[in-house]
Ligand code: SF4
Ligand code: SF4
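Residue numbers (the numbering used here): 1 to 107.
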């Protein structure tokens, strides 16, 4: 299991969550952040600091954002990042999964 970042993060990207993650498994796309499903240790530290409530435990992702569980996995495939074992050394990927890239600007 893992934690998942969902649509409210899109175009907010304040990165409060990154500072809380003890294993540095929150990676930066272009318009949102993504949690690596295999590197996340389910500690839950990131969830309460998100100002827009974008982060959910996998079992608790609201139905309207269910596809974001897949997006968080897909991101590491489409970027070719695989499992780098830490976001700091990777930096900004500069792209998102297609479904996020095609979203209209989020207010
Ligand atoms: S704290 Fe929330 S809005 Fe900010 S980058 Fe993390 S998931 Fe996105
Ligand atoms: S639940 Fe813990 S390990 Fe997983 S992304 Fe959040 S802070 Fe990092």
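Yeah, the Cβ is synthetic: ideal placement off N, Cα and C, and Gly gets one too. Treat the numbers as computed from the prediction; the structure is a model and nothing was measured.
Specify, as a first and last residue, the run of the beta strand (DSSP E) that residue i falls within.
i         : result
residue 4 : 3-5
So if DSSP puts residue i in a beta bridge, which residue, or which two residues, is it bridged to?
i          : result
residue 95 : Answer is none; residue 95 lacks a bridge partner.
Following the continuous alpha helix (DSSP H) through residue i, name the residue where it begins and the one where it ends.
i          : result
residue 78 : 67-78
> Which runs of the beta strand (DSSP E), 3 residues or longer, sit entirely within the region 12-49?
Replying inline: Fully enclosed beta strand (DSSP E) runs of 3 or longer: 26-28 and 33-35.
> Is the region 48-64 in contact with the region 82-98, if contact means three or more CB pairs nearer than 8 Å?
Replying inline: Touching, no.
> Which residues are close to ligand 1, meaning CB closer than 7 Å to any heavy atom, in chain order?
Replying inline: Result (chain order): 5, 8, 9, 12, 13, 14, 15, 16, 17, 18, 26, 32, 33, 46, 49, 50, 51, 52, 54 and 55.
>> I'd like to know if the region 10-21 and the region 46-56 are in contact, where contact means that at least 3 CB-CB pairs between them fall below 8 Å.
In response: When Cβ pairs closer than 8 Å are counted between the two stretches, the region 10-21 is seen to touch the region 46-56, the count reaching three or more.
>> With three or more C-beta pairs closer than 8 Å as the rule, is the region 27-43 touching the region 69-79?
In response: Judged by Cβ distances under 8 Å, the region 69-79 makes contact with the region 27-43, as three or more pairs qualify.
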